[in-house]
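A.B. asks:
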Amino acid sequence: MPKWIIYILLTMTVLAMIPPAVIARARSSKNSKPRIHFIQDMDNQARIRAQHPSAILDSGQPLFADGRGMRRPVSGTVAQGELNVDAHLHEGVLWGGWATTYPPSLPVTEAFIRRGQERFTIYCQPCHGAVGYGDGIVNQRAMELVNNPLIANGTTWVNPKNIHEPEIRDQPVGQIYNTITNGVRTMAAYAAQIPVEDRWAIVAYVKALQRSQYARPSDISANRADLPLIDLIPPEETE
Ligand code: HEC
Numbered sequence: 046m047p048k049w050i051i052y053i054l055l056t057m058t059v060l061a062m063i064p065p066a067v068i069a070r071a072r073s074s075k076n077s078k079p080r081i082h083f084i085q086d087m088d089n090q091a092r093i094r095a096q097h098p099s100a101i102l103d104s105g106q107p108l109f110a111d112g113r114g115m116r117r118p119v120s121g122t123v124a125q126g127e128l129n130v131d132a133h134l135h136e137g138v139l140w141g142g143w144a145t146t147y148p149p150s151l152p153v154t155e156a157f158i159r160r161g162q163e164r165f166t167i168y169c170q171p172c173h174g175a176v177g178y179g180d181g182i183v184n185q186r187a188m189e190l191v192n193n194p195l196i197a198n199g200t201t202w203v204n205p206k207n208i209h210e211p212e213i214r215d216q217p218v219g220q221i222y223n224t225i226t227n228g229v230r231t232m233a234a235y236a237a238q239i240p241v242e243d244r245w246a247i248v249a250y251v252k253a254l255q256r257s258q259y260a261r262p263s264d265i266s267a268n269r270a271d272l273p274l275i276d277l278i279p280p281e282e283t284e
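Residues 46 to 284 (this note's numbering) are what the sequence shown spells out, left to right.
1) Report yes if the C-beta of I84 is less than 7 Å from at least one heavy atom of the ligand SAM; otherwise report no.
2) If you follow the alpha helix (DSSP H) that I213 is part of, which residue opens it and which one closes it?
3) Please tell me whether, using a cut-off of 7 Å, the distance from the CB of F157 to the nearest non-hydrogen atom of the ligand HEC is below it.
4) Alpha carbon to alpha carbon, how far is L134 from L151? Give it in angstroms, no decimals.
5) Find out if the Cβ-Cβ distance for the pair Y168, Y222 is shorter than 8 Å.
6) I'd like the span of the alpha helix (DSSP H) that includes W245, first residue to last.
7) Given 7 Å as the limit, tell me if Y168 has its C-beta closer than that to any heavy atom belonging to the ligand HEC.
8) Is E138 helix, strand or coil by DSSP?
9) How many Å lie between G228 and D103 at the Cα?
10) Enumerate in chain order the residues of its own chain whose CB-to-CB distance from Q85 is below 7 Å, with the five nearest sequence positions on each side excluded.
11) Would you call the stretch 121–135 in contact with the stretch 200–217, where contact means no fewer than 3 C-beta pairs closer than 8 Å?
12) The ligand HEC and P205: does the residue's C-beta get closer than 7 Å to at least one heavy atom of that ligand?
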């Protein structure tokens, strides 16, 4: 074999060992500098981090008088897509009172009520129980703890409402929508977890549950196949 081939091979072998050596060193050594960042885009720039104080000006004063870096939205402004002018849809209010009908954009179909059933099972059943009597697993556990003198130590528990109580059964759909959206007394609001359409679907299912426990004789004599599902709302609540 000619000598020059051996030289080239030797040189290449030595050169090939340089990258692994550099990587091995980088992996085992510590460096306080940020890593090399070739394409900057806008990754690094002057900013105030969340929950940090506001910048201090050359004059020694903070940029914002209260010294906080985080600001509230300018009052009177509305984020894009959050105008929510439809009070019927977003607040359950119609003509200044609780809406007694569903928003026209949300027809109450079987699929809609089934969606409500699924969401109810996820968000409401743990407290209110599968049928709504207020006997969910969370309530059962809480009662166990409250009734145990060794643990309770003065703790109290407000029972989730039985949605079949007459006062709740008589509530217009808009009011139940509002209970889900804003909470009521000790019950928390679910607006952050449940989108508007799903809240209405849950309302429809709550109405179906209520109707299921207070069926009228006329419910079975009628030909159910002919009845529109909207009939799940008791007549006194339709307009
Ligand atoms: C963490 C437990 C809990 C969950 C989950 C929960 N609730 Fe409640 N709910 C309560 C309690 C407690 C009350 C009674 C509040 C009171 O009287 O202080 C209540 C009351 C109610 C009432 C009666 C309101 C009134 O006007 O008296 C309705 C209707 C209701 N809940 C529906 C729902 C629906 C629908 C969901 C699911 C989106 C839900 N709740 C999820 C605990 C819960």
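Quick reminder that beta carbons are idealized off the backbone N, C-alpha and C, glycines included.
C.D. replies: Inspection of the coordinates gives the following:
1) The model on display carries the ligand HEC but not the ligand SAM.
2) P211 to R214
3) no
4) 9 Å
5) no
6) V241 to Q258
7) yes
8) Checking the sequence shown, residue 138 turns out to be Val, not Glu. Note: V138 maps to strand in three-state DSSP.
9) 47 Å
10) none
11) no
12) yes
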